[in-house]
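Chemist: Pasting a structure here, questions to come.
Number of protein chains: 4
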Amino acid sequence: MSKLRVAVLGAKGRIGSEAVRAVEAAEDLELVAALGRGDKLETLAEQGAQVAVELTTPASVMGNLDFCVRHGIHAVVGTTGWTEDRLGQLRGWLADFPGTGVLIAPNFSLGAVLTMKFAQLAAPYFESVEVVELHHPNKADAPSGTATRTAQLIAAAREQAGSAPQPDATATALDGARGADVDGIPVHSVRLRGLLAHQEVLLGGEGETLTVRHDSLHHSSFMPGILLAARRVPTVPGLTFGLEHFLDLG
Amino acid sequence: MSKLRVAVLGAKGRIGSEAVRAVEAAEDLELVAALGRGDKLETLAEQGAQVAVELTTPASVMGNLDFCVRHGIHAVVGTTGWTEDRLGQLRGWLADFPGTGVLIAPNFSLGAVLTMKFAQLAAPYFESVEVVELHHPNKADAPSGTATRTAQLIAAAREQAGSAPQPDATATALDGARGADVDGIPVHSVRLRGLLAHQEVLLGGEGETLTVRHDSLHHSSFMPGILLAARRVPTVPGLTFGLEHFLDLG
Amino acid sequence: MSKLRVAVLGAKGRIGSEAVRAVEAAEDLELVAALGRGDKLETLAEQGAQVAVELTTPASVMGNLDFCVRHGIHAVVGTTGWTEDRLGQLRGWLADFPGTGVLIAPNFSLGAVLTMKFAQLAAPYFESVEVVELHHPNKADAPSGTATRTAQLIAAAREQAGSAPQPDATATALDGARGADVDGIPVHSVRLRGLLAHQEVLLGGEGETLTVRHDSLHHSSFMPGILLAARRVPTVPGLTFGLEHFLDLG
Amino acid sequence: MSKLRVAVLGAKGRIGSEAVRAVEAAEDLELVAALGRGDKLETLAEQGAQVAVELTTPASVMGNLDFCVRHGIHAVVGTTGWTEDRLGQLRGWLADFPGTGVLIAPNFSLGAVLTMKFAQLAAPYFESVEVVELHHPNKADAPSGTATRTAQLIAAAREQAGSAPQPDATATALDGARGADVDGIPVHSVRLRGLLAHQEVLLGGEGETLTVRHDSLHHSSFMPGILLAARRVPTVPGLTFGLEHFLDLG
Chain A
1 MSKLRVAVLG AKGRIGSEAV RAVEAAEDLE LVAALGRGDK LETLAEQGAQ VAVELTTPAS
61 VMGNLDFCVR HGIHAVVGTT GWTEDRLGQL RGWLADFPGT GVLIAPNFSL GAVLTMKFAQ
121 LAAPYFESVE VVELHHPNKA DAPSGTATRT AQLIAAAREQ AGSAPQPDAT ATALDGARGA
181 DVDGIPVHSV RLRGLLAHQE VLLGGEGETL TVRHDSLHHS SFMPGILLAA RRVPTVPGLT
241 FGLEHFLDLG
Chain B
1 MSKLRVAVLG AKGRIGSEAV RAVEAAEDLE LVAALGRGDK LETLAEQGAQ VAVELTTPAS
61 VMGNLDFCVR HGIHAVVGTT GWTEDRLGQL RGWLADFPGT GVLIAPNFSL GAVLTMKFAQ
121 LAAPYFESVE VVELHHPNKA DAPSGTATRT AQLIAAAREQ AGSAPQPDAT ATALDGARGA
181 DVDGIPVHSV RLRGLLAHQE VLLGGEGETL TVRHDSLHHS SFMPGILLAA RRVPTVPGLT
241 FGLEHFLDLG
Chain C
1 MSKLRVAVLG AKGRIGSEAV RAVEAAEDLE LVAALGRGDK LETLAEQGAQ VAVELTTPAS
61 VMGNLDFCVR HGIHAVVGTT GWTEDRLGQL RGWLADFPGT GVLIAPNFSL GAVLTMKFAQ
121 LAAPYFESVE VVELHHPNKA DAPSGTATRT AQLIAAAREQ AGSAPQPDAT ATALDGARGA
181 DVDGIPVHSV RLRGLLAHQE VLLGGEGETL TVRHDSLHHS SFMPGILLAA RRVPTVPGLT
241 FGLEHFLDLG
Chain D
1 MSKLRVAVLG AKGRIGSEAV RAVEAAEDLE LVAALGRGDK LETLAEQGAQ VAVELTTPAS
61 VMGNLDFCVR HGIHAVVGTT GWTEDRLGQL RGWLADFPGT GVLIAPNFSL GAVLTMKFAQ
121 LAAPYFESVE VVELHHPNKA DAPSGTATRT AQLIAAAREQ AGSAPQPDAT ATALDGARGA
181 DVDGIPVHSV RLRGLLAHQE VLLGGEGETL TVRHDSLHHS SFMPGILLAA RRVPTVPGLT
241 FGLEHFLDLG
């Protein structure tokens with residue numbers, strides 16, 4: 001079987017350089033280009049890249065994707081900064097090249113993606129849901145972006161299912177004890193030396209609780225998701241937003 | 001809106017008597033019959049039961065379901081002892097009454113059902129999976145039936161996905177340290193005074209882990225699943241095996 | 001060996017009636033009296049009680065202890081409502097009967113007592129400490145009294161050890177995300193259907209974390225502590241406040 | 001206040017080079033020497049080292065300590081391979097220099113040391129105790145040395161306290177389900193990609209459980225223990241074995 005020909009854009013960055021190593025180590029993938037700032041995009045076409053892994057910056061991602069789509073190179077994109085305008089422009093390009101696929105994912109950690117998905121699926125079946133996220137003490141924001149997003153997805157799933165408000169008889173509370181309120185879901189942020197990035201979704205019903213916990217110990221955790229996406233994107237034309245759509249969760 | 005008319009069979013048993021109270025407490029359900037051993041099945045028809053919750057014994061379940069199916073009464077069945085023969089016979093009855101639905105569920109705990117489902121869905125995306133189940137020390141079997149079933153489902157999901165064998169460099173081990181082997185999935189059984197019934201599925205990949213944990217503190221945890229099934233079974237004709245098929249997990 | 005002769009005061013209450021059963025079940029103890037409201041204290045002396053387990057109300061505890069101390073009956077006290085005034089009065093009585101011991105304990109759960117003790121011992125050795133307490137949603141106060149007390153003990157231990165303030169770079173936070181501040185220790189309160197009473201103390205240092213977790217599933221958890229106290233109080237004259245002083249934690 | 005003058009032996013090794021950085025970063029310590037293989041011990045005396053951190057090999061540790069003790073330099077030793085013979089020889093040297101202190105520690109992680117200590121202290125107060133240790137899948141031995149040692153300490157503490165055997169009604173078990181038996185304490189070993197080194201001690205009594213968990217994420221976790229020992233060893237003459245003796249756990 002011939003190997004899938006993969007290029008990495010942003011190959012000198014922290015995540016990009018790991019992606020280079022991960023593609024090289026994968027038996028079914030061949031690294032055909034590893035481009036850094038200033039390298040020519042034409043290399044992608046010359047080397048016959050089938051998939052580009054785009055890990056650059058908001059400043060260069062649109063130019064890179066324009067080139068890829070026009071040359072029929074599928075793309076897996078980790079770069080951030082997406083607006084409705086940018087997504088619309090990208091959809092326009094893809095409309096002209098209907099065989100080409102682009103996946104944009106805010107998070108390539110399979111554990112993070114599955115935690116959010118499972119939280120959404122389970123939330124309508126339990127009376128109570130809360131989120132506890134735990135990070136190292138150098139983190140500037142609380143709650144984490146992932147925890148906020150998780151709570152929003154939980155709230156939306158409960159609203160769609162017509163769930164009742166959560167039971168809570170708290171009458172006397174110290175300020176902050178019951179956490180932050182994100183669309184009605186309490187979110188608690190722990191900051192502890194020795195931790196990295198951890199998140200727990202606690203769901204409770206009559207006589208039982210269900211907990212989904214994600215522990216992220218290293219940004220190498222993005223690699224399995226990036227490789228999975230590179231393998232699958234050639235079979236999914238058009239724009240896909242979110243790695244969860246590439247997982248079999250039926 | 002008129003209430004759904006529900007009967008409970010086995011209403012004097014431990015689970016049955018809780019089901020009686022749970023149906024009575026639900027605003028959208030009306031308890032129209034609560035039958036114990038020796039009570040006449042005709043009561044179900046006379047009272048206009050739409051759904052029967054069957055929580056009796058393997059000795060009486062077939063007779064009860066025969067009556068229900070013939071009278072167009074949908075059934076939610078928690079009684080155990082199902083064989084292929086019995087299931088075939090039930091399917092035969094239902095073929096003659098195509099509008100009637102029967103749900104048989106080995107477990108009505110939403111937490112247990114979701115834990116198994118999530119374990120199956122996630123297992124192909126991680127290199128390593130192990131199961132730890134923790135129970136009170138009066139339990140006679142190890143691993144628990146639920147843990148064994150969970151491990152089997154995980155193993156099947158991994159085989160279907162073509163997952164590689166789990167990494168394990170253990171060269172020197174005390175007997176039993178690495179747990180029981182259930183279809184290639186290590187299962188560990190903890191027995192501790194003070195515990196009830198708990199299960200953890202641990203999944204690990206490059207740089208991250210995902211844990212799904214179910215804590216069952218009381219058999220009242222079966223009630224939300226029984227009520228959910230009673231509400232949904234009238235809309236699902238034929239035989240359904242497993243509560244997970246009544247949950248929206250798409 | 002002759003059995004220790006134990007009486008229970010408040011024997012009709014929820015905890016008291018469990019204490020009666022626990023004393024009866026213990027091979028080395030003999031239940032010689034089980035007094036409820038209105039029963040005569042003289043029974044204690046007539047029956048030769050050596051230890052009284054006092055589980056009544058703030059309204060009757062002082063009268064009961066006055067009688068016990070004067071008759072040389074050691075006491076194990078779970079009744080609440082202690083003030084400095086009341087403790088002073090009790091110490092005065094005990095000064096006149098120097099062989100008699102009284103233990104007052106705000107909490108007889110060995111798990112709760114050890115959690116607090118371990119949190120105090122460990123706190124000076126870690127940069128970060130936070131408390132997460134999790135309870136059923138019918139609880140009126142947040143944080144729980146136990147969590148507040150635990151945080152206070154941690155703060156005192158750190159102050160005594162001259163610990164530096166906890167690291168926390170949080171610059172942007174939703175209200176409540178970082179929990180309640182109890183003497184500088186963040187405390188987070190989760191309220192979830194299906195839970196009972198749970199507490200986690202998380203300690204973090206360079207490259208590692210230590211977690212002490214207590215799960216209380218039933219108020220029967222008070223019994224081992226009450227029996228331990230009954231066995232030990234005859235050998236500890238005077239007033240002792242807190243079950244931890246009866247444990248070998250050297 | 002003058003700084004404590006500290007030297008590191010084995011300064012080029014993985015742990016040694018971290019120790020060098022940790023000493024340099026500590027405000028109350030001054031790094032006066034960092035010796036690798038072949039460097040002259042005389043440097044210690046010339047630089048006026050007060051404490052030597054010994055992180056070399058079993059082949060060189062005795063020579064290094066002989067020099068240190070003879071020159072009144074206190075030592076903190078992480079090197080392994082200690083036998084009764086070697087300890088006896090070291091005690092002999094120290095007898096001649098009664099003001100000098102040496103601490104040998106098999107583990108400098110405060111979390112690991114406290115977990116073992118707390119497990120020992122708590123074990124007599126609970127009916128059931130089990131150990132679960134979780135490591136990366138490249139580990140060759142199961143259970144880990146730390147888990148085996150922890151179980152032995154628990155068993156010894158229970159024997160000394162006259163604890164009854166653990167309750168366990170298991171009648172039918174798959175091979176290995178109930179873990180390895182270390183002196184009567186069940187120990188379970190989980191091996192999972194994404195994990196580093198983790199250990200949980202689970203204690204259970206009537207109606208409650210207590211869990212002590214240690215998560216080690218990086219060998220930098222040894223540094224706080226090494227620095228603590230360096231600061232304290234000048235005040236503890238003679239030989240001390242085990243970091244726990246330098247902690248205030250009274």
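Chains as they are written, first to last, in the UniProt record's numbering: chain A, 1 to 250; chain B, 1 to 250; chain C, 1 to 250; chain D, 1 to 250.
Ideal Cβ placement from N, Cα and C applies to all residues, glycine included.
Can you list, in chain order, the residues of its chain whose CB lies under 7 Å from that of C/P224, leaving out five sequence neighbours each side?
Modeler: The sequence position of residue 224 of chain C within the third sequence is 224, counting from 1. For C/P224, where only same-chain residues beyond five positions count, the Cβ hits under 7 Å are L110.
Chemist: Cβ of D/L192 less than 8 Å from any chain A Cβ?
Modeler: The residue labelled residue 192 of chain D in the question sits at position 192 within the fourth sequence. Not one chain A Cβ lies under 8 Å of D/L192.
Chemist: Is the beta carbon of D/S144 less than 8 Å from the beta carbon of C/E208?
Modeler: Position 144 of the fourth sequence, counting from 1, holds the residue named residue 144 of chain D. Position 208 of the third sequence, counting from 1, holds the residue named residue 208 of chain C. No; because the gap between Cβ atoms is not below 8 Å, this pair is not in contact.
Chemist: What span of residues does the alpha helix (DSSP H) with D/I226 cover, start to end?
Modeler: Translated into the one-based positions of the fourth sequence, residue 226 of chain D becomes position 226. Looking at the DSSP string, the run of the alpha helix (DSSP H) that includes D/I226 is M223 to R232.
Chemist: To the nearest angstrom, how far is the alpha carbon of D/L192 from that of C/V212?
Modeler: To locate residue 192 of chain D, count along the fourth sequence from 1; it is residue 192. To locate residue 212 of chain C, count along the third sequence from 1; it is residue 212. C-alpha separation (whole angstroms): 23 Å.
Chemist: Give the straight-line distance between the Cα atoms of D/L227 and D/A22, rounded to the nearest whole angstrom.
Modeler: Working through the fourth sequence from its first residue, we reach residue 227 of chain D at position 227. Working through the fourth sequence from its first residue, we reach residue 22 of chain D at position 22. Answer to the nearest angstrom: the Cα atoms are 8 Å apart.
Chemist: In angstroms with no decimal places, state the Cα-to-Cα distance between D/L90 and D/V69.
Modeler: By one-based count along the fourth sequence, residue 90 of chain D stands at place 90. By one-based count along the fourth sequence, residue 69 of chain D stands at place 69. Their Cα atoms are separated by approximately 9 Å.
Chemist: State yes or no: is the beta carbon of A/L55 nearer than 8 Å to at least one beta carbon in chain D?
Modeler: As a position in the first sequence, residue 55 of chain A is number 55, starting the count at 1. False, the Cβ-Cβ gap to chain D never drops below 8 Å.
Chemist: Can you pull the chain C residues whose beta carbon is under 9 Å from the beta carbon of D/H214, in chain order?
Modeler: Looking up residue 214 of chain D in the fourth sequence gives position 214. Those are E208, T209, L210 and T211, listed as they occur along chain C.
Chemist: Comparing the C-beta of C/H188 with each C-beta of chain D, is any distance below 8 Å?
Modeler: Counting from 1 along the third sequence, the entry for residue 188 of chain C is found at position 188. It does not: the Cβ of C/H188 has no partner Cβ on chain D nearer than 8 Å.
Chemist: Give me the chain B residues within the contact set of C/L217, using Cβ-Cβ distance strictly less than 9 Å, ordered along the chain.
Modeler: In the third sequence, residue 217 of chain C corresponds to position 217, counting from 1. What C/L217 touches in chain B: G194, L195, L196 and L217.
Chemist: Which residues of chain F have a Cβ atom closer than 7 Å to the Cβ of C/G204, listed in chain order?
Modeler: Absent here is chain F; the protein component of the structure consists of chains A, B, C and D.
Chemist: Would you kindly report the start and end of the unbroken beta strand (DSSP E) that includes D/E133?
Modeler: As a first step, residue 133 of chain D must be located in the fourth sequence, where it is residue number 133. Here the beta strand (DSSP E) through D/E133 covers S128 to H135.
Chemist: To the nearest angstrom, how far is the alpha carbon of D/D215 from that of D/G78?
Modeler: The sequence position of residue 215 of chain D within the fourth sequence is 215, counting from 1. The sequence position of residue 78 of chain D within the fourth sequence is 78, counting from 1. About 20 Å.
Chemist: Quick check: the Cα distance between B/V182 and B/G72, rounded to an integer number of angstroms?
Modeler: Within the second sequence, the letter at position 182 stands for residue 182 of chain B. Within the second sequence, the letter at position 72 stands for residue 72 of chain B. Answer to the nearest angstrom: the Cα atoms are 41 Å apart.
Chemist: Which residues bound the alpha helix (DSSP H) around D/A95?
Modeler: One-based indexing of the fourth sequence puts residue 95 of chain D at position 95. It spans E84 to D96 - the alpha helix (DSSP H) in which D/A95 sits, taken as one unbroken run.
Chemist: So the beta strand (DSSP E) B/R5 belongs to, where does it begin and stop?
Modeler: The count along the second sequence starts at 1 and reaches residue 5 of chain B at position 5. Its beta strand (DSSP E) spans residues L4 to L9.
Chemist: Any idea which residues DSSP pairs A/L210 with across the strands?
Modeler: Translated into the one-based positions of the first sequence, residue 210 of chain A becomes position 210. The secondary-structure analysis by DSSP pairs A/L210 across a beta bridge with A/L203 and B/H214.
Chemist: Pull the bridge partners of C/G101 from the DSSP assignment, please.
Modeler: As a first step, residue 101 of chain C is located in the third sequence; it is residue number 101 there, counting from the start. DSSP output for C/G101 lists C/G238 as bridge partner(s).
Chemist: Looking only at C-alpha atoms, which of D/A171, D/H245 and D/L35 sits nearest to D/F17?
Modeler: If you number the fourth sequence from 1, residue 17 of chain D lands on position 17. Per the sequence shown, residue 17 of chain D should be read as Ser rather than Phe. Looking at the Cα atoms, D/L35 is the closest of the given residues.
Chemist: Starting from C/I73 and walking both ways along the beta strand (DSSP E), at which residues does that stretch end?
Modeler: Along the third sequence, one-based indexing puts residue 73 of chain C at 73. Where C/I73 is concerned, there is no enclosing beta strand (DSSP E), given that its DSSP letter is neither H nor E.
Chemist: Helix, strand or coil for A/R149? Go by DSSP, reduced to three states.
Modeler: Residue 149 of chain A sits at position 149 when you count from the first residue of the first sequence. DSSP places A/R149 in helix when its eight states are reduced to three.
Chemist: What does A/L121 touch in chain B if you count any residue whose Cβ is under 7 Å from its own?
Modeler: Counting from one through the first sequence, the residue named residue 121 of chain A turns up at place 121. Residues of chain B with a Cβ closer than 7 Å to the Cβ of A/L121 are, in chain order, L249.
Chemist: Taking 8 Å as the cut-off, decide whether the C-beta atoms of D/E54 and D/V32 are in contact.
Modeler: Along the fourth sequence, one-based indexing puts residue 54 of chain D at 54. Along the fourth sequence, one-based indexing puts residue 32 of chain D at 32. In this structure, D/E54 sits away from D/V32, with a CB-CB distance that is not shorter than 8 Å.
Chemist: What does D/L223 reach in chain C if we use C-beta pairs closer than 7 Å?
Modeler: Stepping through the fourth sequence from its first residue, residue 223 of chain D is reached at position 223. A small fix is needed here, since residue 223 of chain D is Met in this sequence, not Leu. By Cβ distance, chain C contributes E206.
Chemist: Would you please verify whether the beta carbon of A/S109 is less than 8 Å from any beta carbon of chain B?
Modeler: As a working mapping, residue 109 of chain A is identified with position 109 in the first sequence. A/S109 counts as touching chain B.
Chemist: With distance defined between alpha-carbon atoms, name the residue in B/A171, B/R158, B/A180 and B/A112 nearest to B/L247.
Modeler: Counted from its first residue, the second sequence places residue 247 of chain B at position 247. Comparing Cα-Cα distances from B/L247 to each of B/A171, B/R158, B/A180 and B/A112, the minimum goes to B/A112.
Chemist: Cβ closer than 9 Å: which chain B residues qualify as neighbours of A/G220?
Modeler: In the first sequence, counting from the first residue as 1, residue 220 of chain A sits at position 220. The sequence given here places Ser at residue 220 of chain A; Gly does not occur at that position. Neighbours of A/S220 on chain B, chain order: E206, G207 and E208.
Chemist: So which residues of chain A does B/F241 contact, with C-beta pairs closer than 7 Å?
Modeler: The residue you call residue 241 of chain B lines up with position 241 of the second sequence. For B/F241, no chain A residue has a C-beta closer than 7 Å to its own C-beta; the minimum C-beta separation is roughly 18 Å.
Chemist: Is the Cβ of C/T150 closer than 8 Å to any Cβ of chain D?
Modeler: The count along the third sequence starts at 1 and reaches residue 150 of chain C at position 150. Not one chain D Cβ lies under 8 Å of C/T150.
Chemist: Please tell me whether A/S128 has its Cβ less than 8 Å away from any Cβ of chain C.
Modeler: Your numbering for residue 128 of chain A matches position 128 in the first sequence. Answer yes: the Cβ-Cβ gap between A/S128 and chain C drops below 8 Å somewhere.
Chemist: For chain B, check one thing: does any of its Cβ atoms lie closer than 8 Å to the Cβ of A/T115?
Modeler: Locating residue 115 of chain A in the first sequence gives position 115, where the first residue counts as 1. Judged by the 8 Å Cβ criterion, A/T115 is in contact with chain B.
Chemist: Of the residues D/D39, D/V20, D/E27 and D/R14, which one's Cα is nearest the Cα of D/S2?
Modeler: As a first step, residue 2 of chain D must be located in the fourth sequence, where it is residue number 2. The residue among D/D39, D/V20, D/E27 and D/R14 with its C-alpha nearest the C-alpha of D/S2 is D/E27.
Chemist: With DSSP run on the structure shown, which of helix, strand or coil describes C/T115?
Modeler: To locate residue 115 of chain C, count along the third sequence from 1; it is residue 115. Shown here, C/T115 sits in a helix according to DSSP, grouped into three states.
Chemist: Just to confirm, are D/G205 and B/G194 a CB contact at a threshold of 8 Å?
Modeler: Residue numbering aside, residue 205 of chain D sits at position 205 when the fourth sequence is read from its first letter. Residue numbering aside, residue 194 of chain B sits at position 194 when the second sequence is read from its first letter. Their beta carbons are under 8 Å apart, which means D/G205 touches B/G194 by this criterion.
Chemist: Please go through the same chain and pick out, in chain order, the residues whose beta-carbon is closer than 7 Å to the beta-carbon of B/T43, but skip the five residues on each side of it.
Modeler: Mapped onto the second sequence, residue 43 of chain B falls at position 43. Excluding positions up to five away in sequence, the list reads A33 and L35.
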